[in-house]
Amino acid sequence: MEQNFSPKAFMKNRRPERFSDSKVIEKGTLDRVVLEHFISTLNTRSQELEFETFSKKLCEKVV
């Protein structure tokens, strides 16, 4: 058996989101063409308010 085994290190490697000192990096991809189409059709779908809410949440994550 390995002498440097640490249950905390094992669990932290398996579930880093459950430890307060871990950094969870969220990365998403969005094609520019898809975003441009989505933004240009907001008026026709009456989703200006939803987009405003989305933009605010996005800014909160970045800042």
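Counting in this note's numbering, the sequence shown runs without a single skipped number right up to 1271 at its last residue.
No residue lacks a Cβ here, since even glycine has one placed at the ideal position from N, Cα and C.
Opening and closing residue of the alpha helix (DSSP H) in which residue i lies
i, result
"N1212", "Premise fails: N1212 is in no alpha helix (DSSP H) and is neither H nor E."
"F1246", "R1240 to S1248"
"T1261", "E1256 to V1270"
Contact set for residue i: own chain, Cβ-Cβ below 7 Å, skip 5 residues either direction
i, result
"F1259", "L1250"
Residue from the options with nearest C-alpha to residue i
i, options, result
"V1270", "D1239, Q1255, I1233 and N1212", "I1233"
Cβ shell of residue i (< 6 Å), same chain only, five flanking positions each side left out
i, result
"F1227", "K1220"
"L1238", "none"
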